[in-house]
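Asker:
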Amino acid sequence: MTANPEMVRLFKAELELCNVTPGETVAVLSEGNEKRDYADAFLAAAEELEATSFQLNLVKRAPQPGDMKKRTSITGNRPAIEALKSSDIVIDLVGLLWSAEQNEITQTGTRMLMVREPLEVLQRTFPRKSLRRRVEAAQEMLAAAEELHITSAAGTDVTYQLGTYPVLTQYGYTDTPGRWDHFAGGFL
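Just so we're aligned, residue 1 is where the sequence shown starts under full-length UniProt numbering, counting upward by one.
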């Protein structure tokens, strides 16, 4: 495995934010040759942290015409799903977002981090603990609100009733059991 040293440093810092500790299991989920450089760098970063790591590289599934269900390369692949469920953290280079498999894996307490952005974006928007504090403060405000009213000089005037759905947060790393996040991002 030959990994870009700059990428390894960045991904090691990300895994440290995710509280990856020696002996934890880091699974890197990938498809074919896509993001192979990311997979290699995450594996090297995990090794530097003395974590146990492995890559689960699957054949990319071709989309089926007219199929409206969210299908991923692990849909129906029980051995792959079980391997990911047995890990402490999954680095998702595939994009399991909103899939049944994502939910099944995180419900076991496995942390999941989706990584899809170009390297220069990850470098520019690297998450900080201060971002988490701001996102969580905004989450509290939004959770306590009953209504969201947005106006602008361009004429926007819209009101949303709140409270039906929970406020979901993203701050770019996952350090609590069962949490999904997206490196890098800060969103509600």
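Built from N, CA and C at the ideal position, the CB exists for glycine as well.
#1: What number of angstroms, rounded off, separates the C-alpha of F126 from the C-alpha of G186?
#2: The alpha helix (DSSP H) that contains L15, what's its start and end?
#3: Using only CA atoms, which one of S30, Q139, T176 and A143 lies nearest to Q161?
#4: Leaving aside the five residues before and after V135 along the sequence, list all residues of the same chain whose C-beta is less than 8 Å from its C-beta, in chain order.
#5: On the premise that A41 lies in contact with A3, defined as a C-beta separation below 8 Å, what is that separation, rounded to the nearest angstrom?
#6: For V8, which of G23, A44, A27 and L97 has the nearest alpha-carbon?
#7: Between G178 and the rest of its own chain, which residues show a CB-CB distance below 8 Å, the 5 nearest in sequence each way excluded?
#8: Measure the C-alpha to C-alpha separation of E101 and T75 and round it to an integer number of angstroms.
#9: Please specify which runs of the alpha helix (DSSP H), each continuous and at least 4 residues long, are wholly inside the segment 52-96, giving them in chain order.
#10: When we look at the beta-carbon of Y165 and count the other beta-carbons within 10 Å, is it buried (16 or more) or exposed?
#11: Do you know whose CA, among P5, L10, Q55 and E34, lies nearest V26's CA?
#12: Could you tell me which residues DSSP pairs with I150 in its beta bridges?
Answerer: If we stick to the structure as given:
#1: 10 Å
#2: P5 to L17
#3: A143
#4: T169, Q170, Y171, G186, F187 and L188
#5: 4 Å
#6: A44
#7: T106, Q107, T108, G109, T110 and R111
#8: 7 Å
#9: 78-85
#10: exposed
#11: Q55
#12: V158
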